[in-house]
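**Student:** Add 926 to a position in the sequence shown, counting from 1, and you land on the number used in this note's numbering. Just dropping this structure here.
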Amino acid sequence: MAAGLGAQAGKDKSTAALFLRNKETEKNIMLIIKCDSKTLEKLSRFTFTQEEFEQEKNKILNG
Numbered sequence: 927m928a929a930g931l932g933a934q935a936g937k938d939k940s941t942a943a944l945f946l947r948n949k950e951t952e953k954n955i956m957l958i959i960k961c962d963s964k965t966l967e968k969l970s971r972f973t974f975t976q977e978e979f980e981q982e983k984n985k986i987l988n989g
């Protein structure tokens with residue numbers, strides 16, 4: 927499972943947070959990457975709803 931969330935958007939200084947879950951271990955990680963606005967736009971197509979995001983965030987924070 928993966929999701930992208932645009933944290934900041936600018937001409938070529940966008941930042942995306944990617945939340946990944948290992949299916950085998952069920953562990954979650956968050957990757958923050960710098961990218962251009964085109965890449966951020968593409969990544970934003972893979973987002974959770976706010977409720978799903980909060981559920982996943984709680985899983986990450988609570989182990």
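Backbone N, C-alpha and C define an ideal beta-carbon position, used for all residues, glycine too.
Here's the rule I'm using: 16 or more other beta-carbon atoms within 10 Å means buried, otherwise exposed. How should L957 be labelled?
**Tutor:** Residue 957 sits at position 31 when you count from the first residue of the sequence shown. Under this definition L957 is an exposed residue.
**Student:** Ends of the beta strand (DSSP E) at S940?
**Tutor:** Looking up residue 940 in the sequence shown gives position 14. That run of the beta strand (DSSP E) goes S940 to R947.
**Student:** Who are the Cβ neighbours of I986 in its own chain at under 6 Å, not counting the five residues just before and after it?
**Tutor:** Position 60 of the sequence shown holds residue 986. Hits under 6 Å: N954.
**Student:** May I have the straight-line CA-CA distance separating K964 from L944, to the nearest angstrom?
**Tutor:** Looking up residue 964 in the sequence shown gives position 38. Looking up residue 944 in the sequence shown gives position 18. Approximately 16 Å between the Cα atoms of the pair.
**Student:** Thinking just about the alpha-carbon of each residue, which of D962, E952 and L969 is nearest to the one in K988?
**Tutor:** Indexing the sequence shown from 1 puts residue 988 at position 62. Looking at the sequence provided, one finds Asn at residue 988 rather than Lys. For the residues D962, E952 and L969, the minimum Cα distance to N988 belongs to E952.
**Student:** Specify, as a first and last residue, the run of the alpha helix (DSSP H) that K960 falls within.
**Tutor:** Walking along the sequence shown from the start, residue 960 turns up at place 34. Counting along the chain, K960 falls outside any alpha helix (DSSP H), though it belongs to the beta strand (DSSP E) covering N954 to C961.
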